[in-house]
Structures are given as structure tokens and as C-alpha cells.
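Novice:
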Amino acid sequence: MKNKISIPKAPQKLKNLELHGDIRVDPFFWLREKENPETLKYLNAENAYYEAHMKPLASLKDKLFKEMKARIKEDDSSVPAPYGEYLYYTRYKKGKQYSYECRKLKAGGKEQILLDKNVLAKGKKYCDVTSVKVSPEHDLLSYCADFDGSERYTVYFKDLTTGKLLKDTIPNCNGAVAFAEDNETVFYVRLDENLRPYQVYRHKLGNPVEQDELVYHEKDAKQFLGLSKSASHNFIFIGSYGKITSEVWYLDAHNPSLPARCIQPRIEGLEYDVDHAADKFWIRTNLEAQNFKIMTTGLLATEKDHWKDFVPHKPEIFVGEFHLFKNFLVLGERENGLPQVRIFDLQKQKDHTIKFKDAAFNVSITPDNYEYKTESLRLNYSSPITVPTILEYNMRTKATKTLKTKQVKGHKSANYVCERVWVTGHDGTKIPMVLTYKKGLKKNKTNPTYLYGYGSYGAIIPDSFPERRDIFRLVDRGCIFALAHIRGGGEMGRQWYEDAKFLKKTNTFKDFISCAEYLKDKGYSHPQKLAIAGGSAGGMLMGACMNMRPDLFDVVVAHVPFVDVVNTMLDKDLPLTQTEYKEWGNPEDREYYFYMKSYSPYDNIEEKNYPTLYVTCGLNDPRVTYWEPAKWVAKLRDKKTDDNLIIFKTNMGAGHFGSSGRFDHLYENAEEYAFVLNHFGIKK
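In case it helps, full-length UniProt numbering puts the sequence shown at residues 1 to 684.
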């Protein structure tokens, strides 16, 4: 390479960290000092090194980006959704990074642009907007904006009659807002100094924010607050959620000055969330139900002794979500690792299940089911090779109508194969893995493969069409895309999650390794043709697996990786640490400390050969702080015994989720794919 730039080298400043009689020597602990000029000097040096190595790939990167962008219908819009007298929808204009929030009268008339996010984003490196909601009388709009990726939002209000912003501006919020039915009272959630949502306030529009009343204060650092409104619009719910414990309070949306009341005081290990319809509270809970069930209770006696089963627990079915309409209850369920939708007719007291036939797919209840008194349900269906389709399902007649099929230019599902296989894990457990590849692929161990995994928090990685990542840029070039549904996730129900947390966490890593070995043993790929990828807790997966089996992978992609597990879990001032005790354990406990240390990627770097590595992070990330990947990369550079490349990029103007603009996000994907493809000798 011409004008070769030297490999960045972070200074070592040894720091002894002692706990439970164990001493860890951390040479890069100092990189936590964000204001230290040496820290920025090192991050900038890594960015320069990254750019130098990516520069020769500019042509491939630009080609990938143009292909991705060309597949998008740039002037697209969502299907207008009925709500009150209006039809609400989101649309994009050609060439614009951000969306427009719009509406039209059902009776007809001109479009009204409620919010142009492109105007908000102008001149800013980052722009995330959430809680775009209209008031009960449809004359006011709320929205929350974050301009640096820190997830610290400011709430704004707009008069939809005049088009002007109100003077009411509320900083330091988590992005949740709920209008009361009086059309002038608003509830919102404030953040503490560690970015924990901990207080709910009542605000009357027009009054100074300083006069807002505190409604609820969550003192337990292990609990985060959420805010929602019932389907009936009669109640506003304040949810206090920990990893395994929840507590819900409710406010009368018609009498918002009344105090909040508790549904059921918290009990360690009891999880529940609440909605309202007719004369009942409806409760999804794990009360004597590992995979959750639906219960009901009256409005006056709400504690769990009064709860009654409505949908009893079925061990083989995981109830993941529920939605209420005046005459219907809709459940999002999973059985044998696949999603399904179950509908209850509350008048006829009958239920039926909507199932789909594809080997792997995703079906979800769209967030724009605004109408309460309706028989129509909107669903979004797709598979890894089938473009998203918006369906309108009549919950009474069972008739289905296609409202919209996403346009993805040049895509023909018939050109691809989507295969669901079962991998035998180290302990005999069967692990589902979904493979996507071009029709006609031969299992001759020569296929470049991109294996993705996550496996934490009970999160479900859906088998949906990859709009944001466009993995077909890899597949069309002869690669296999593999998605491993390893333990620690929630794809196979709650036990799937429980079997890979706390002192069972290494099952996640071993499952992923088993999936990689399956690809090798069945002839799909070969270790020298295998790239693995994951982000956040999936980045921890990457780090742990490459420590355990560096011989099995040729390229590792780690986005915002959670890799400094012990140090982070010992730092109670970080936003997520205390609530995460119920996920990883508390290292103040000797047993958890040594178990965590046994798999923590940063603590287990050794003097040995490692795969080629592509790492990213965000300087303003509140979830996985920038110093985790920075320290990890610095230590790998110092310890590894090979000449394999490591490149590391810090996005200096974003947080956990990378760039916010739709094209900027595609460009980041193109960079990563260019790196992986080039490594496998695919230059075009």
C-alpha cells in the first residue's frame, strides 16, 4: 500500500484492579478518560488507519452502496392508517435521508406535512426522532429528538393548526410521551445523571416546565421506567421494568390530575404488563407461567389474587405480545421457534390462529393499528427472501387483503433458497439456524459465508427480509448468509433464554461455535471462508468465540461490542450496569466474578493468532461505551502473534445504533461488506 500508515499503538499505563483476592492488570484502563487528549489522539489514529485501509476499497464500497440505494424506492410511503377523521402515514422523498410524517382527511383533501425530519436534521451529524404522536383532538403533535446519539431526548410540541412550535420544550427525557384525554396534559419520563429513566412528570401545556409535578419516582437503580397509553385511551400506564421484575401504575386519562395507583406491587421474579379494554385490565404475565399467559382483573381489585386466567399457559407456546381492540384480543406467539398470530373474538368467545407455511419467516403486528373499534388488523409479513407485505386481516371474517408489497428493485425470491436447519449443540440441544443463498449453490466447502448471531436478553432476531442490511449484496456474489438462533435469545421461548444467562452464559458461545462447525461439516463453507458478525452483546459473542476458537473463523465483524464485561459490571455509574445484574450476575459476588472473568473477551486475550477483525463504535454510545472496543483493540494489537489486519472506526458523532440517515446507514453497511468481500478475494 502506498503511503503506508503505521499501526496505531495506545500507550500502556498499568492499573492494578483487585477483587476477591484476584488481581487484574489493565494497561488500557485510562482510555475511559474521554476528556484526555491522549484518548482522542488514539481514537483519531485508529480512524486514520481505518480510512487508509478502506481507501483502496472505495470502488467496491461505492458500487455496493449504489446497488443498495438503487434497490430502494426512494419516494416510498407507508399505507395510510385510519385514526379519527384522518389517514396518517410516513413517506420519503427521493434523495432525502429522513421521513415526512403526514396526514390527509378521510373525506379527501390536501396532504398536511406534520413533521419534516429533514429540516430537523439539517446541519446535524445525527438525528433520531421518536414519540411522534397526535393529541386526542388531533390538533397538537409531540415529538422527541436526539441530535448526538446519546439517547437523551428533548420533547417538543407543535400546533398543527398554525404549524408553529409551542414554547413548551422539555429536555433530558427518555423519548416517551403520553397525552391525557383533556388535550392539554402530557406525561413524560426524565433521565437521571446515568441516563436511567427514573421519574414521570405531569406537564400542562402552556405552563413553565419548572412547575411540572412529579408523579412517580423510581428509586431502585435496577428498574427503568416506561410510559404507555391503553388501547381504549382511558388509562395511562407507568411501567417500572427490571430484567425479571415489573410493576405497573395507572393514571386516569380523563382525570389526569388524580394520583397514580399500583396494579400489583412488585414481587421479585414476577413480570407483567397491562392494557385495558371494556371493564377489565388485561395482563400478560409469567405468574406460574414460564412462557407467559393472559389474565384479566376488574378495575377496583387489581392485585394478583384477583387475576383470572383468560389464555392459560401452554408450555410449548411463548406469548410475546398482546394487542387489544374493543371486541378482539390479538396475541403474537411463537411455537417451535416460529411466529404465529392468535386472535380471540371477545363477543363469540372463540379463537383461531394465523399460521404461515414458509420454512422461516417473520410476521408482526404493525404499530399503526390505531383504531380501537375495528375488525381490521394490519400485519407485516416477510421472510429472508420474501419482500415485506402489509396485510389487512379481518378478525371476524378471517378474510385477508394485501395492502402493499414492498418494492425492492431487481429482487426475485425465486432466485434464492431459504433453508432452516437444526444444529446439534455441545450438550445435544438442537439449535435452529436459517441459511439464505443463491439457488444452485454447491456444498463443496468453498462458499464464503457470513454467520450472524446475538443470543442475549431473550431478544428475538426475526427471520425477516433484510431491508436495512441488504445481505443480498453478499448473497448475489456467491456468499451464504447464516442466522444462528442460539441460546440466550428468545426464539424458542423463555427457557431458551434462561439456559444461557448468569452461570450458563457460555452456552451462547458454544452454540454459535456448533453452528460454525455445522457449516464446515455439512460442506457449506470452510473456516478460511467464514466471516462472523454481531453487535453489542453480539459483539461480546464475537470476542468470546474468537478467544475460544480463533481457528474456526477467518474474519470477525464486531459492532459496538460489549467486551470489557468485568470492568463494566463493576461500574455502578454506567447507565445499564445495575439492571444488568439480573442478566449477567453481580461480580461483587465471588462466583459471578470468576465466571464472568472466564469468558470476558477483554480479559481473555492471549498471545496467539487471531482472525482478521473489523470493529466499530460510537463516541456518544450510552449502552456500550466507546472505551470497551477501544481497549479491546489496543490489547489485541499488543498481544496477538499474527499479521492479520485489525481496523477500528469510532463514529465521532453518533451512539449505539450508528448513523441515523437512511443512506448513511446503507453506506456503513457497504463499508463493512466491502471489507469482508475483499478479504475473500471478491473485488467486484
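Glycine is no exception: its CB is placed at the ideal position from the N, C-alpha and C atoms.
Taking all protein chains shown into account, decide if residue 632 is buried (16 or more other Cβ within 10 angstroms of its Cβ) or exposed.
Specialist: As a first step, residue 632 must be located in the sequence shown, where it is residue number 632. Buried: at least 16 other Cβ atoms inside 10 Å.
Novice: Report buried or exposed for residue 380, applying the criterion of at least 16 other Cβ atoms within 10 angstroms of its Cβ.
Specialist: Locating residue 380 in the sequence shown gives position 380, where the first residue counts as 1. Answer is buried; the Cβ neighbour count reaches 16.
Novice: Measuring only the C-alpha atoms, how far is residue 217 from residue 72?
Specialist: Along the sequence shown, read from residue 1 onward, the residue named residue 217 stands at position 217. Along the sequence shown, read from residue 1 onward, the residue named residue 72 stands at position 72. So the alpha carbons of these two residues sit roughly 45 Å apart.
Novice: Assess, as a yes-or-no matter, whether the segment 50-64 is touched by the segment 641-648 under the definition of 3 or more beta carbon pairs within less than 8 Å.
Specialist: Flag = yes, the segment 641-648 and the segment 50-64 touch.
Novice: Could you give the C-beta distance for residue 605 and residue 639, rounded to a whole number, given that I count them as a contact under 8 Å?
Specialist: Taking the sequence shown and counting its residues from 1, one reaches residue 605 at position 605. Taking the sequence shown and counting its residues from 1, one reaches residue 639 at position 639. With 8 Å as the limit, residue 605 and residue 639 qualify as a contact, their Cβ atoms being about 5 Å apart.
Novice: On the criterion of 16 or more Cβ atoms from any shown chain inside 10 Å, does residue 432 qualify as buried, or is it exposed?
Specialist: As a first step, residue 432 must be located in the sequence shown, where it is residue number 432. Its Cβ being crowded by 16 or more others within 10 Å, residue 432 is buried.
Novice: Identify whether residue 598 lies in helix, strand or coil by the three-state DSSP scheme.
Specialist: Residue numbering aside, residue 598 sits at position 598 when the sequence shown is read from its first letter. The answer is helix: DSSP assigns residue 598 an H, G or I state.
Novice: Give the DSSP bridge partners of residue 686, in chain order.
Specialist: No answer is possible for residue 686: it lies beyond the span of the chain, which begins at 1 and ends at 684.
Novice: According to DSSP, is residue 307 helix, strand or coil?
Specialist: To locate residue 307, count along the sequence shown from 1; it is residue 307. Coil.
Novice: Anyone know if the C-beta pair for residue 137 and residue 106 falls short of 7 Å?
Specialist: Numbered from its first residue, the sequence shown carries residue 137 at position 137. Numbered from its first residue, the sequence shown carries residue 106 at position 106. No, they are not a contact pair.
Novice: Which whole runs of the alpha helix (DSSP H) in the segment 566-620 are 4 residues long or more, in chain order?
Specialist: With a minimum length of 4 residues, the continuous alpha helix (DSSP H) runs that stay inside the segment 566-620 are 581-584 and 590-599.
Novice: Provide the residue(s) that pair with residue 247 in DSSP beta bridges, ordered along the chain.
Specialist: Locating residue 247 in the sequence shown gives position 247, counting from the first residue. The partner list for residue 247 (beta bridge, DSSP) reads 240.
Novice: Keeping to the same chain, check which residues put their C-beta closer than 6 Å to that of residue 11; ignore five residues upstream and five downstream.
Specialist: In the sequence shown, residue 11 corresponds to position 11, counting from 1. Here the set comprises nothing.
Novice: Please go through the segment 254-282 and give each complete beta strand (DSSP E) segment of 3 or more residues, from N-terminal end onward.
Specialist: Counting whole runs of 3 or more residues, the segment 254-282 contains the beta strand (DSSP E) stretches 272-277.
Novice: With DSSP run on the structure shown, which of helix, strand or coil describes residue 543?
Specialist: Position 543 of the sequence shown, counted from the first residue, corresponds to residue 543. In the structure shown, residue 543 sits in a helix (DSSP, three-state: H, G or I).
Novice: Which partner residues of residue 296 appear in the DSSP bridge assignment?
Specialist: To locate residue 296, count along the sequence shown from 1; it is residue 296. Per DSSP, 282 and 308.
Novice: Apart from the five residues just before and just after residue 588, which ones in its own chain have a Cβ nearer than 7 Å to its Cβ?
Specialist: Start at 1 with the first residue of the sequence shown, and residue 588 comes out as number 588. Nothing meets the Cβ criterion.
Novice: Can you grab the Cα-Cα spacing for the pair residue 403 / residue 78, in whole Å?
Specialist: Residue 403 sits at position 403 when you count from the first residue of the sequence shown. Residue 78 sits at position 78 when you count from the first residue of the sequence shown. Cα to Cα, residue 403 sits roughly 10 Å from residue 78.
Novice: Going by the beta-carbon positions, is the gap between residue 437 and residue 421 smaller than 7 Å?
Specialist: Taking the sequence shown and counting its residues from 1, one reaches residue 437 at position 437. Taking the sequence shown and counting its residues from 1, one reaches residue 421 at position 421. Contact flag unset, no.
Novice: Assuming contact is defined by CB atoms lying nearer than 7 Å, are residue 318 and residue 342 in contact in what I supplied?
Specialist: Against the sequence shown, residue 318 aligns to sequence position 318. Against the sequence shown, residue 342 aligns to sequence position 342. Not closer than 7 Å, so no.
Novice: With H, G and I counted as helix, E and B as strand and the rest as coil, what does DSSP make of residue 112?
Specialist: Numbered from its first residue, the sequence shown carries residue 112 at position 112. If DSSP states are grouped into helix, strand and coil, residue 112 belongs with the strands.
Novice: On the DSSP bridge assignment, give the partners of residue 626 in chain order.
Specialist: Position 626 of the sequence shown, counted from the first residue, corresponds to residue 626. The partner list for residue 626 (beta bridge, DSSP) is empty, contrary to what the question assumes.
Novice: Sort out for me which residues DSSP pairs residue 535 with in a bridge.
Specialist: For the purposes of this step, residue 535 is taken as the residue at position 535 of the sequence shown. 559, per the DSSP bridge assignment.
Novice: Quick check: is any heavy atom of the ligand NAD less than 6 Å from the C-beta of residue 452?
Specialist: Among the ligands in the structure shown, none appear at all, so the ligand NAD cannot be discussed.
Novice: Would you check if the segment 591-599 and the segment 563-582 touch, i.e. whether three or more CB-CB distances between them fall below 8 Å?
Specialist: They touch, by the three-pair rule.
Novice: Quick one: Cα of residue 95 to Cα of residue 372, how far?
Specialist: Locating residue 95 in the sequence shown gives position 95, counting from the first residue. Locating residue 372 in the sequence shown gives position 372, counting from the first residue. For residue 95 and residue 372, the distance between alpha carbons rounds to 36 Å.
Novice: For residue 324 and residue 627, I'd like the C-alpha separation in whole angstroms.
Specialist: As a working note, residue 324 is residue 324 in the sequence shown. As a working note, residue 627 is residue 627 in the sequence shown. Each residue's alpha carbon lies about 44 Å from the other.
Novice: Along the chain, which unbroken stretches of the beta strand (DSSP E) at least 3 residues long are found entirely within the segment 451-539?
Specialist: Qualifying beta strand (DSSP E) stretches, in chain order: 480-484 and 530-535.
Novice: Which of the three DSSP states, helix, strand or coil, is assigned to residue 12?
Specialist: The count along the sequence shown starts at 1 and reaches residue 12 at position 12. If DSSP states are grouped into helix, strand and coil, residue 12 belongs with coil.
Novice: Rounded to whole angstroms, what's the CA-CA distance from residue 390 to residue 164? Just pull it up for me.
Specialist: The residue labelled residue 390 in the question sits at position 390 within the sequence shown. The residue labelled residue 164 in the question sits at position 164 within the sequence shown. Rounded to the nearest angstrom, the two C-alpha atoms are 34 Å apart.
Novice: Counting only the same chain and skipping the five closest in sequence on each side, list residues whose C-beta sits under 7 Å from that of residue 289.
Specialist: The count along the sequence shown starts at 1 and reaches residue 289 at position 289. Cβ within range, chain order: 313.
Novice: If we call anything under 7 Å between Cβ atoms a contact, is residue 117 one with residue 98?
Specialist: Along the sequence shown, one-based indexing puts residue 117 at 117. Along the sequence shown, one-based indexing puts residue 98 at 98. Against a cut-off of 7 Å, the Cβ pair of residue 98 and residue 117 comes out as a contact.
Novice: Pull up the CB-CB distance for residue 205 and residue 166, whole angstroms please, since I reckon it's below 8 Å.
Specialist: Along the sequence shown, read from residue 1 onward, the residue named residue 205 stands at position 205. Along the sequence shown, read from residue 1 onward, the residue named residue 166 stands at position 166. Right, the Cβ-Cβ distance comes to about 6 Å (below 8 Å), so this counts as a contact.
Novice: Going by the CB atoms, is the gap between residue 499 and residue 528 shorter than 7 Å?
Specialist: As a working note, residue 528 is residue 528 in the sequence shown. As a working note, residue 499 is residue 499 in the sequence shown. No; because the gap between Cβ atoms is not below 7 Å, this pair is not in contact.
Novice: In terms of residues, what are the limits of the beta strand (DSSP E) holding residue 411?
Specialist: Residue 411 sits at position 411 when you count from the first residue of the sequence shown. Element bounds for residue 411: n/a, residue is neither H nor E.
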